[in-house]
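Numbering (full-length UniProt numbering), first residue to last: 1 to 328. Built from N, CA and C at the ideal position, the CB exists for glycine as well.
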């Protein structure tokens, strides 16, 4: 049996397209589930890297996307954690039909808006760093970069009791952060000298050297800095000596914020995992602790090249974008 598949691909550098194809429908493996995508979420960081070929060597065409809410249409013989008709958040690409392993999904809470549920992928990115840190909510936290990952990070840290100071040179991003309930929002640390040398924790979510240099110079001695934003390209001509000097004399713990330093699934003595973080993120969004309404644009998959182009050029009006597959 064959069916029509629609998938977004990067077909060359800075060019995305919705590709139609015919796929042969084969039986599921015992531990697989199959479903139809309702919405899928653009990663403005990870996907930009392949779209722009920042590191070089990308072989096109390439599939893209890493978060989709899908309705379960069929399940393998050994699947017990979901049933047909359930909605799940899967680490799946931008395409109409997806197959995933049954342990590679998070069940969407009953009645939750799929657009809100798929946003649960983003708080989980920085939640890894929050789980690793030894700095408690009795100290302020500094967050640089208020793209969608930084915006979710700031809200998550605020919900967990930290006093959050968030920074971004873009006024629209700052206004969005304030609308989401972040009280201390500034263009740079120079606007709040009272927190310099006081905060013990910093989350760098922009991926730009300027954020790292600013944070490491202004943390208290013995503070922790997590590099959450991917450094896709060099943005300054500053020598590393300044960074290394501040790290050395400030006793700063400089750590990768790569989310996959946690196991994918919880186990004995290690209750924290990527999928438990995603599930918790959806709960916090559902309960209003993390606000997502109004921060994303909804687009038809046919508009994919326009959306990715605006993301790359910095002209996207909203903080992020979601593809709506319901009309295909």
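Distance between beta carbons of residue j and residue i, contact taken as under 8 Å
| i | j | result |
| --- | --- | --- |
| residue 274 | residue 264 | 5 Å |
| residue 142 | residue 202 | 4 Å |
| residue 232 | residue 38 | With 8 Å as the limit, residue 232 and residue 38 do not qualify as a contact, their Cβ atoms being about 30 Å apart. |
| residue 304 | residue 8 | 5 Å |
| residue 84 | residue 72 | 6 Å |
| residue 22 | residue 6 | The Cβ separation is near 11 Å, so there is no contact. |
| residue 45 | residue 207 | 7 Å |
| residue 315 | residue 224 | Their Cβ separation, rounded to whole angstroms, is 35 Å, which puts residue 315 and residue 224 out of contact at 8 Å. |
Other residues of its chain near residue i: CB distance less than 6 Å, five sequence neighbours each side excluded
| i | result |
| --- | --- |
| residue 184 | 165 |
| residue 30 | 76, 77 and 78 |
| residue 307 | 299 and 321 |
| residue 99 | 32 and 34 |
| residue 197 | 220 |
Closest residue to residue i among the options (Cα-Cα distance)
| i | options | result |
| --- | --- | --- |
| residue 187 | 218, 85, 169 and 175 | 169 |
| residue 285 | 258, 58, 120 and 57 | 120 |
| residue 193 | 310, 145, 217 and 320 | 217 |
| residue 156 | 144, 21 and 123 | 123 |
| residue 167 | 161, 181 and 151 | 151 |
| residue 80 | 102, 148 and 319 | 102 |
| residue 252 | 135, 55, 66 and 54 | 135 |
| residue 43 | 147, 137, 116 and 128 | 147 |
| residue 282 | 111, 25 and 26 | 111 |
| residue 40 | 54, 26, 66 and 24 | 66 |
| residue 288 | 117, 234 and 48 | 117 |
| residue 280 | 317, 240 and 109 | 109 |
Buried/exposed call for residue i, threshold 16 Cβ in 10 Å
| i | result |
| --- | --- |
| residue 178 | exposed |
| residue 298 | exposed |
| residue 261 | exposed |
| residue 64 | buried |
| residue 140 | buried |
| residue 13 | exposed |
| residue 144 | buried |
| residue 236 | exposed |
| residue 129 | buried |
| residue 191 | exposed |
| residue 276 | buried |
| residue 26 | exposed |
Pair within 9 Å by beta-carbon distance, residue i and residue j
| i | j | result |
| --- | --- | --- |
| residue 312 | residue 51 | yes |
| residue 87 | residue 114 | yes |
| residue 61 | residue 11 | yes |
| residue 204 | residue 227 | yes |
| residue 200 | residue 219 | yes |
| residue 259 | residue 126 | yes |
| residue 106 | residue 90 | yes |
| residue 246 | residue 213 | yes |
| residue 222 | residue 181 | no |
| residue 176 | residue 322 | no |
| residue 149 | residue 229 | yes |
| residue 301 | residue 18 | yes |
| residue 104 | residue 137 | no |
| residue 317 | residue 309 | no |
Own chain, CB closer than 8 Å to residue i, minus 5 neighbours either side, in chain order
| i | result |
| --- | --- |
| residue 58 | 10, 13 and 50 |
7 Å CB neighbourhood of residue i in its chain, flanking five on each side removed
| i | result |
| --- | --- |
| residue 36 | 70, 71, 73, 96 and 97 |
| residue 278 | 89, 106, 120, 121 and 124 |
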